[in-house]
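Chemist: Residue numbers (my numbering): 953 to 1098. There's a structure below that I have some questions on.
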Amino acid sequence: MRRRTVIRVRRAADAVRRRLTAGRDRGATPVELAIAFPAILILTFASIQVGAWFLARAVALNAAQVAVSSTRTLNGVSPEAGEGQASDFIADTGGWLVGWDVQVARDDDQVTATVTGSVVSVIPGIDWTVSQTARGPVERFVEESP
């Protein structure tokens, strides 16, 4: 009697095991993963690269604004000193913008600063360039007319 019970339990377990594994191809999961994994890696690195592009744009714009802010004041610094301050700002931001160039122009009415550089590359072979410009009026003292 005990032997019949053990045999029935084994048959039931085998039936459940066959039912759970029915329709599966053994070894199919590693093959699917081998096909999908490169696409997942490419998407991951592409999203990091796009994030680096956004950060580099923000760094370039903020550096241009720093150059304009320091150059546009009444007793402001020279355009060359504004370029230096923008370069110092970029150097302090962590390297999202590489190979940058800062150009500051000041006339009697307006200051314009343009920062151009390359985005740090996460994916080999990708070389994106970023250029941001900031402008501001030059402060000047105007006497009040009576």
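Note that the Cβ used here is the ideal one computed from N, Cα and C, for glycine as well.
Below 8 Å between beta carbons: does that hold for V1074 and A1008?
Modeler: What you label residue 1074 is simply residue 122 of the sequence shown in a count that begins at 1. What you label residue 1008 is simply residue 56 of the sequence shown in a count that begins at 1. In this structure, A1008 does not lie closer than 8 Å to V1074 by Cβ.
Chemist: Could you have a look at R1092 and say whether DSSP puts it in helix, strand or coil?
Modeler: Along the sequence shown, one-based indexing puts residue 1092 at 140. If DSSP states are grouped into helix, strand and coil, R1092 belongs with coil.
Chemist: Smallest Cα separation from R1024: which of Q1062, D966, D1040 and R955?
Modeler: Position 72 of the sequence shown, counting from 1, holds the residue named residue 1024. When each option's Cα is compared against that of R1024, the closest is Q1062.
Chemist: Relative to the C-alpha of D1060, which residue among V1018, L1049, F1093 and A1019 is closest?
Modeler: Against the sequence shown, residue 1060 aligns to sequence position 108. If we check each option's Cα against that of D1060, F1093 comes out closest.
Chemist: How many Å lie between E1035 and A1015 at the Cα?
Modeler: As a position in the sequence shown, residue 1035 is number 83, starting the count at 1. As a position in the sequence shown, residue 1015 is number 63, starting the count at 1. About 9 Å.
Chemist: What number of angstroms, rounded off, separates the C-alpha of E1032 from the C-alpha of P1076?
Modeler: In the sequence shown, the residue the question calls residue 1032 occupies position 80. In the sequence shown, the residue the question calls residue 1076 occupies position 124. When rounded, the distance between both Cα atoms is 34 Å.
Chemist: Quick one, are the C-beta atoms of T926 and R1087 less than 8 Å apart?
Modeler: This structure gives no information on residue 926, because the portion of the chain shown stretches from 953 to 1098.
Chemist: For I1000, tell me which candidate among V1029, W1048, E1096 and V1054 has the shortest Cα-Cα distance.
Modeler: The residue labelled residue 1000 in the question sits at position 48 within the sequence shown. Closest by alpha carbon: W1048.
Chemist: Around the C-beta of S1097, are 16 or more other C-beta atoms found within 10 angstroms, so that it is buried, or is it exposed?
Modeler: Here residue 1097 refers to the residue found at position 145 when the sequence shown is read from its first residue. Exposed is the call here.
Chemist: Tell me which same chain residues have a C-beta within less than 6 Å of the C-beta of A1057, skipping the five on either side of it?
Modeler: Within the sequence shown, numbered from 1, the residue matching residue 1057 stands at position 105. So the qualifying residues of the chain are T1064.
Chemist: Terminal residues of the continuous alpha helix (DSSP H) containing G1051?
Modeler: The residue labelled residue 1051 in the question sits at position 99 within the sequence shown. Not the alpha helix (DSSP H): G1051 falls in the beta strand (DSSP E), residues L1049 to R1058.
Chemist: Could you tell me whether the Cβ atoms of Q1037 and A1019 are closer together than 8 Å?
Modeler: As a working note, residue 1037 is residue 85 in the sequence shown. As a working note, residue 1019 is residue 67 in the sequence shown. Closer than 8 Å, so yes.
Chemist: Any idea if S1030 is buried or exposed, counting beta-carbon neighbours within 10 angstroms, 16 or more meaning buried?
Modeler: Locating residue 1030 in the sequence shown gives position 78, where the first residue counts as 1. The residue is exposed, with fewer than 16 neighbouring Cβ atoms inside 10 Å.
Chemist: What would DSSP say about S1021, mapped onto helix, strand or coil?
Modeler: Walking along the sequence shown from the start, residue 1021 turns up at place 69. Helix.
Chemist: Please report the distance separating the alpha-carbon of E1053 from that of F997.
Modeler: As a working note, residue 1053 is residue 101 in the sequence shown. As a working note, residue 997 is residue 45 in the sequence shown. Checking the displayed sequence, the identity of residue 1053 turns out to be Asp instead of Glu. Distance between the alpha carbons of D1053 and F997: 27 Å.
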